[in-house]
Structure formats: C-alpha cells, structure tokens
Amino acid sequence: MLIGISQANSFNVKCDPELAIELREQYPEIQPGYHMSKKLWNTVYIDGALTIKQLLEMIDHSYNLVFAGLTKKSQTEISI
Numbered sequence: 001m002l003i004g005i006s007q008a009n010s011f012n013v014k015c016d017p018e019l020a021i022e023l024r025e026q027y028p029e030i031q032p033g034y035h036m037s038k039k040l041w042n043t044v045y046i047d048g049a050l051t052i053k054q055l056l057e058m059i060d061h062s063y064n065l066v067f068a069g070l071t072k073k074s075q076t077e078i079s080i
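The following block contains the structure:
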C-alpha cells in the first residue's frame, strides 16, 4: 500500500487484475493506479463512500499479494 504524507485523501493498493477491473467498474472512488501499473494497482479515494470494511479488505488483499511475491527468506524474516 502506498499513501501520500502531505495529502492522505487516497492510497494505492496492489490488486488481482480481474478484481481490479471489477472494483473500478463498481465504485467511482476506485481508479487505475496513479503512477503505477494500471493492470495491478488501484488508487482508492477516501471520501467516505467506501466502508472501513471495504478499505481494510483492499489493504489486506494488497498486503497478501505483495507478501506472496517476496522471497521465502524475506517472508520468514517478516513472519518472525
């Protein structure tokens, strides 16, 4: 997950490509990743339309994708 420190009104999350498209079509607050791979990243605007549960699910999904892409050594170091 990436979030700006000067303006925290949006954040970028990694996403499964098919789910990324589905979320963009369903919610106007979710757009292709700003300055990121449009296939794998979404920019989520925090304007109160999405629930906390939805935001946390996207963050967890992003974390799991990034974690799965790490080497086994890095995964072990993080898990300790």
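Going left to right, the sequence shown walks through residues 1 to 80 as our numbering numbers them.
We put the CB at the ideal spot given by N, CA and C, even for glycine.
{"Check": "Touch check for the stretch 57–67 and the stretch 8–25: three-plus C-beta pairs under 8 Å?", "Outcome": "yes"}
{"Check": "Assuming Pro17 is part of the beta strand (DSSP E), what are its boundary residues?", "Outcome": "Element bounds for Pro17: not the beta strand (DSSP E) but the alpha helix (DSSP H), 17–26."}
{"Check": "Assign Asn42 to buried or exposed, taking buried as 16 or more other Cβ atoms, counted over all protein chains shown, within 10 Å of its Cβ.", "Outcome": "buried"}
{"Check": "Between the stretch 42–53 and the stretch 3–11, are three or more C-beta pairs nearer than 8 Å?", "Outcome": "yes"}
{"Check": "Would you report the Cα separation of Leu2 and Thr71, rounded to the nearest angstrom?", "Outcome": "21 Å"}
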